[in-house]
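Trainee: Protein chains in written order, with this note's numbering: chain A, 868 to 1280; chain P, 1081 to 1357. Each residue gets a CB set at the ideal place from its N, CA and C atoms; glycine is no exception. Quick caveat: nothing in here was measured; it's all calculated off a predicted structure.
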Amino acid sequence: MDSKLFPEGTQRCSFGQFLIWMAFLFVIFVWGVYGATLVLYNGIGTTGLDNIFGFGAWITFDLAVIALGAGAFFTGLLKYILKIKQLEKIINLTVIVGFCCYAGAMLILVLDVGQPTRAWFGYWHPNVHSMLTEVIFCITCYLIVLIIEFVPLILEQKQLNKIPFIHALAHNMHINMALFAGIGAFLSTFHQGSLGGMYGVLIGRPFAFREGFFIWPWTFFLFILSAVGSGPVFTVLVATLMEKITGKKLVDFKTKSLMGKIAGSMLCIYMFFKILDTWAWANGYLPSVGLTFDQMFHGFIYGKWLMFSEIILCGLVPAIMLVTPSIRNRPGLLYTAAILDCIGVSLNRYIFTVQTIAFPVLPFESWQLYYPNWVEYATSLMIIAFGFIVISLSYRYLPVFPLETKLNYQSGD
Amino acid sequence: MQTIEFKIKWGMVIDIDKCTGCGACMVGCQVENNIAPMTKKDPYNYVQALTWDRDDASNKTKTLTCLSVYELTNGKAFPDHETAYLPRPCMQCGHPACVPVCPVVATEKTEEGGIVSQIYPRCIGCRYCMAACPYHARYFNWWDPIWPEGMDKGLSPATSVRPRGVVEKCNFCHSRYLDAKNEARQNGDDPMNLADGAYTTACADICPTKAITFGDLNNPEHKVYELARSKNSYRLLEKLGLAPQVYYMSKREWVRKLGDNYNADGGGHGAPSNSHG
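Here's what the structure looks like:
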């Protein structure tokens, strides 16, 4: 029915099958829209957030998807600026995944701020001392960059591309893409860092506070490194999931392995500094404010196992796996390392968001528990459904994977 | 950022040994500052009526008070058991954690007197300041404020009401400061050199045991000047370097020790139990 719209030389499932898949995603999306409506109409009181946990599941979700979406800027940087040609096999997907992650984070932020119609105040009354101001600047600008990077791919759609003007426009945008990749890398580096800086500057929160370099606390650099250490393999996981769902080969393993190598190298650097930072925090800063490492953890929910899982099981282990060629070159092990890596960075964002606030700084207060309610889950799932919808539509109608025809429909290599 | 100093430094000294934990300060604060009571029903919101109720005052984690009274105990069994109450307004820190983090300059410490302001029409409700404040002195308007019929007639004309979705905090009853300065001008006095007691907060006014003393910490003619410098005075979490302008005093050592974390002598964090009032 819609086969004329498919990318050149490819096959897709029937339109009916596609509609059923989209309907399934749409149901989840609508559930989230219902939750979002309640939040916008009745108030944020609808959620599980409270005066202790002003930040919760939404901020954790935002930070995690922004870190995992880092594949877009980092791969763009390597492909367009450092000219690593191999990455063109997956660059389109990194842009789409990045777009979904950032657009999703922005949508969640619309719900999370109490007065979303005042969101533009970040530009009108900016506080140059606030890390969050920098995040507002860079995230909004970078989303525009991602849209600019996504547009040429849409223009390359088979039928659209037949129009000479659109063809020329797409071609010219491609030629200048290095410029946007450069701007994107700049913006993204800074806001990934500022998201970490947001926690590091909290002088009143010993769990998160860090010394640093000039105006940037160490968390600024750690968040950049952890994002580039996980974003590329998240894209690999998305590509692999798409392969499992569609039953086709979309990206050659050589490219996936290269992405794993890139993420693994960055993850190794990150782990080195993360362990140093944690050690210095536990032995230097905490005693200086009358606290000990043990006091930073409590019971099972806030236990040390969280931090050790993050640093060892989901940090050191995938880092070693990804930099070791014999492990990385086995698909099963590459994907396992990638999953651990992505869990690790998400866990890091969760710990910095929730445990920082849960720790009672006043000696006469006690640890507080936070339970996100269905509204926060539903709206977060809405964003995931949104991502699936965008990727499904892109896969069906846009030439996302340059190697798809070669890997599936042509004989030989 | 260095500690911000002013010629006038409004501050409080709260004598914990005098506090009975009656909660009058909380009530006085709510009335003075037009803080709406928590109501389950919202008669103006039909969507709310179709779904489920809002939080009422029984949910302390969503209640808005600006000033909270904590119950402290020494953690010992009878007959050595002792209790104390600690009212906690905003500390108006000299080196505030909340001010530099606000992305839209909705909270400042720039006015003479050193009160940390909150600009409600500019606040976007991101709650970053709440995450920054270790004293939990900042509160969020989770629901639309509603005054049950009749109660709206008791609203103070001096204080603006706030919409849902913004953060608010104690501002040492700032409108009373403006009134005191105006009165001084009318009487031909210097508004920058107010007499002790010319400007005071609602919580200090209402306290039946006079546990809260308010005044200029830099002015030797004000009672707080001496009190803040007494040997039994201390501030909460001094080690963090936030330089609060609210002092506490108690003759009991265990009360004073609960003001900060101590890891060296084992008497620090988490030892005595507590509850949130």
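Anyone know if the C-beta pair for P:V1196 and P:Q1172 falls short of 8 Å?
Mentor: Yes.
Trainee: Could you tell me whether the region 931-942 of chain A touches the region 957-972 of chain A, using the rule of 3 or more Cβ pairs below 8 Å?
Mentor: Contact holds: three or more Cβ-Cβ distances are below 8 Å.
Trainee: Have a look at the DSSP bridge pairing and note the partners of A:H1165.
Mentor: BP columns for A:H1165 point to A:Y1169.
Trainee: Under a CB-based cut-off of 8 Å, is A:N994 close to chain P?
Mentor: At least one chain P Cβ lies under 8 Å of A:N994.
Trainee: Leaving out five residues before and five after A:I951 in sequence, what residues of the same chain have Cβ atoms less than 6 Å from its Cβ?
Mentor: So the qualifying residues of the chain are L945.
Trainee: If you reduce the DSSP assignment to three classes, tell me which class A:G989 lands in.
Mentor: Correct three-state label for A:G989: helix.
Trainee: Can you find a C-beta in chain A that's less than 8 Å from the C-beta of P:C1206?
Mentor: Chain A contact via Cβ: present.
Trainee: Quick one: what's got a C-beta closer than 8 Å to P:D1133's C-beta in the same chain, skipping five residues either side?
Mentor: Excluding residues within five positions, the ones whose Cβ falls inside 8 Å are K1120 and K1121.
Trainee: Using 8 Å as the limit for Cβ to Cβ distance, is A:I1168 near chain P?
Mentor: Answer no: the Cβ-Cβ gap between A:I1168 and chain P never drops below 8 Å.
Trainee: What are the partner residues of P:I1094, as DSSP defines its beta bridges?
Mentor: Answer is P:I1292 and P:Y1328, bridged to P:I1094.
Trainee: Work out the CA separation of A:S1061 and A:R985 for me, nearest whole Å.
Mentor: Going from the Cα of A:R985 to the Cα of A:S1061 covers about 21 Å.
Trainee: So, at 7 Å on beta carbons, what are the nonlocal neighbours of A:T1000 in its own chain, with the 5 sequence-adjacent residues on each side left out?
Mentor: Hits under 7 Å: G989, P993 and N994.
Trainee: Where does P:F1022 sit, in a helix, a strand or coil, going by DSSP?
Mentor: Coverage of chain P is limited to positions 1081 through 1357, which leaves residue 1022 of chain P absent and any answer about it impossible.
Trainee: With H, G and I counted as helix, E and B as strand and the rest as coil, what does DSSP make of P:S1313?
Mentor: Strand, per DSSP.
Trainee: Rank P:H1161, P:A1211, P:N1251 and P:K1290 by C-alpha distance to the C-alpha of A:D917 and give the top, closest one.
Mentor: Selected option, being the one with the closest Cα: P:A1211.
Trainee: Between P:L1152 and P:V1335, which are expected to be in contact by the criterion C-beta below 8 Å, what is the C-beta distance as a whole number of angstroms?
Mentor: That belief holds up - the Cβ atoms of P:L1152 and P:V1335 are roughly 6 Å apart, short of 8 Å.
Trainee: Work out the CA separation of A:I911 and A:V1267 for me, nearest whole Å.
Mentor: Computed Cα separation, rounded: 38 Å.
Trainee: Which first and last residues belong to the alpha helix (DSSP H) in which P:V1304 is found?
Mentor: Run containing P:V1304: K1303 to A1308, per the alpha helix (DSSP H) assignment.
Trainee: Within the region 1043-1110 of chain A, note down every full alpha helix (DSSP H) run reaching 4 residues or more, in order along the chain.
Mentor: Complete alpha helix (DSSP H) runs here, min 4: 1044-1067 and 1085-1095.
Trainee: If distances are taken between C-alpha atoms only, which option among A:L1201, A:Y1169 and A:T1272 comes closest to A:P1233?
Mentor: Reading off the sequence, residue 1233 of chain A comes out as Ser, not Pro. Checking every option, the nearest Cα to that of A:S1233 belongs to A:Y1169.
Trainee: Using the three-state DSSP reduction, which class does P:G1174 fall into: helix, strand or coil?
Mentor: P:G1174 falls in the coil class under three-state DSSP.
Trainee: Check whether the Cβ of P:T1131 lies closer than 8 Å to any Cβ atom in chain A.
Mentor: Chain A contact via Cβ: present.
Trainee: Can A:N909 and P:V1127 be called in contact, C-beta distance under 8 Å?
Mentor: Yes, the pair counts as a contact, with Cβ atoms nearer than the cut-off.
Trainee: Could you tell me whether the region 1186-1196 of chain A touches the region 1212-1226 of chain A, where touching means 3 or more Cβ pairs closer than 8 Å?
Mentor: No: fewer than three Cβ pairs fall under 8 Å.
Trainee: Are A:K1121 and A:E875 touching if we call contact CB-CB under 8 Å?
Mentor: Their beta carbons are not under 8 Å apart, which means A:K1121 does not touch A:E875 by this criterion.
Trainee: So what does DSSP say about P:Y1124, is it helix, strand or coil?
Mentor: P:Y1124 falls in the coil class under three-state DSSP.
Trainee: For A:I919, collect the residues of the same chain with a Cβ closer than 7 Å to its Cβ; drop the 5 residues on either side in sequence, then sort them by chain order.
Mentor: Once the five neighbours on either side are set aside, the close Cβ partners of A:I919 are I1224 and Q1235.
Trainee: Contact criterion: CB-CB distance below 8 Å. Does A:S997 meet it with respect to chain P?
Mentor: So, interface residue.
Trainee: Could you have a look at P:G1193 and say whether DSSP puts it in helix, strand or coil?
Mentor: Note: P:G1193 maps to strand in three-state DSSP.
Trainee: Starting from P:K1249, trace the beta strand (DSSP E) both ways and give me its first and last residue.
Mentor: That run of the beta strand (DSSP E) goes V1247 to K1249.
Trainee: Could you name the residues of chain A that P:P1183 contacts, counting a contact when the two beta carbons are closer than 9 Å?
Mentor: Going along chain A in sequence order, the residues near P:P1183 (Cβ under 9 Å) are F988, G989, H992, P993, N994, S997, M998, L999, T1000, E1001, V1002 and I1003.
Trainee: Looking only at its chain, what residues have a beta carbon closer than 7 Å to the beta carbon of A:Y947, apart from the 5 residues adjacent to it on each side?
Mentor: Same-chain partners within the cutoff: M1044, A1045 and A1048.
Trainee: From what residue to what residue does the beta strand (DSSP E) around P:R1218 run?
Mentor: Per DSSP, P:R1218 belongs to the beta strand (DSSP E) from R1218 to F1220.
Trainee: Quick check: the region 1081-1094 of chain A against the region 919-935 of chain A, are at least 3 beta-carbon pairs closer than 8 Å?
Mentor: With the cut-off at 8 Å, the region 919-935 of chain A and the region 1081-1094 of chain A touch.
Trainee: Confirm, please, whether the CB-CB distance from P:Y1279 to P:K1249 is below 8 Å.
Mentor: The answer is no: Cβ separation not under 8 Å.
Trainee: When you compare each of A:A1186, A:I975 and A:S870 to A:F922 by their alpha carbons, which one comes out closest?
Mentor: Checked all of A:A1186, A:I975 and A:S870; the closest Cα to A:F922 is A:I975.
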